[in-house]
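In the numbering used here, the protein residues as written are 256 to 447.
Where is the CB? At the ideal position from N, CA and C, for every residue including glycine.
Here the structure is laid out as structure tokens; the discussion comes afterwards.
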Amino acid sequence: MIKRPKVLYAIQGTGNGHIARARDLVPKFAHYADLDVVISGNHCEVELGYPVMKSYQGLGFYFGKRGGIDWGKTLRKNNIRKFIKEILSIDLTQYDYIINDFEPVTAWAGKLKGLPVINLSHQAAVISRLSPKPSEKDRAGLTILKHYAPSNISFGFHFKCYDQKIYTPIIRDEIRALKPRQIITLRFTYPH
Numbered sequence: 256m257i258k259r260p261k262v263l264y265a266i267q268g269t270g271n272g273h274i275a276r277a278r279d280l281v282p283k284f285a286h287y288a289d290l291d292v293v294i295s296g297n298h299c300e301v302e303l304g305y306p307v308m309k310s311y312q313g314l315g316f317y318f319g320k321r322g323g324i325d326w327g328k329t330l331r332k333n334n335i336r337k338f339i340k341e342i343l344s345i346d347l348t349q350y351d352y353i354i355n356d357f358e359p360v361t362a363w364a365g366k367l368k369g370l371p372v373i374n375l376s377h378q379a380a381v382i383s384r385l386s387p388k389p390s391e392k393d394r395a396g397l398t399i400l401k402h403y404a405p406s407n408i409s410f411g412f413h414f415k416c417y418d419q420k421i422y423t424p425i426i427r428d429e430i431r432a433l434k435p436r437q438i439i440t441l442r443f444t445y446p447h
């Protein structure tokens, strides 16, 4: 009999997209592996619908009114000592590898303890050298994306597959199963 791998799936809990993606991935991972789920951060309005073994404070970002990172608020609101303590206190000895959706606590713990970390996130697509970048580069932002949740290998999700490790977004099974009932075309005229 083939031994099922023991996998830790770590999810960033500061955005609805990470949890929404996990809702479809968790049952598939659990079918092939003995799965434990952890989340860090708590700024999410979507329910996972699967037992979470542990929640971590993690390390979150706070954004200003114009959309960029508010560095002052980010530094004030995060407890760096607790973040480091969370990283160092995780026991990973029972796991074969970590699947990580931009979650920093387990990513850094895996890196420090030599456990393989597989990055499965939108952020992985954004940092791909083949993904388009704005003409004015945000070096601080790219540095954060590259080092926030380190991994051994990355697979990304984006609206276009810019390289072989980027896939289109995960669409929930219940959305894929919907059948269109009626198509309505609306025509508008705009005054010039």
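Original post:
Are there 16 or more other CB atoms within 10 angstroms of the CB of residue 273, so buried, or fewer, so exposed?
Top reply: buried
Original post:
What number of angstroms, rounded off, separates the C-alpha of residue 422 from the C-alpha of residue 276?
Top reply: 13 Å
Original post:
Which residue comes first and which comes last in the beta strand (DSSP E) that contains residue 409?
Top reply: 408-412
**OP:** Tell me whether the beta-carbon of residue 288 lies closer than 8 Å to the beta-carbon of residue 306.
**Re:** no
Original post:
Thinking C-alpha only, which one of 342, 324, 294, 322 is nearest residue 310?
Top reply: 294
Subject >> Coarse secondary structure for residue 381, derived from DSSP in three states >> reply: helix
Subject >> Three or more C-beta pairs below 8 Å linking the segment 337-354 and the segment 367-383 >> reply: yes
Subject >> Straight-line gap, residue 391 to residue 438 (C-alpha atoms, nearest Å) >> reply: 41 Å
Original post:
Do the segment 429-443 and the segment 403-414 touch if we need at least three Cβ pairs shorter than 8 Å?
Top reply: no
**OP:** Please report the residue range of the alpha helix (DSSP H) in which residue 354 lies.
**Re:** Taken as a continuous stretch (DSSP letters only), residue 354 belongs to no alpha helix (DSSP H), being part of the beta strand (DSSP E) at 352-356.
Original post:
With C-beta atoms as the reference, is residue 357 less than 8 Å away from residue 403?
Top reply: yes
**OP:** Measure the Cβ-Cβ separation of residue 327 and residue 296 and say whether it is below 8 Å.
**Re:** no
Original post:
Can you name, in chain order, every residue of its own chain whose Cβ lies under 8 Å from the Cβ of residue 317, other than the five neighbours on each side?
Top reply: 324, 325, 328, 329, 332
**OP:** Taking only the alpha-carbon atoms, compute the straight-line gap between residue 262 and residue 444 and give it to the nearest angstrom.
**Re:** 55 Å
Original post:
So residue 313 packs on residue 360, CB below 8 Å; how close in whole Å?
Top reply: 5 Å
**OP:** Starting from the C-beta of residue 363, find all residues in its chain whose C-beta is less than 7 Å away, skip the five residues before and the five after it, and write them out in chain order.
**Re:** 342, 405
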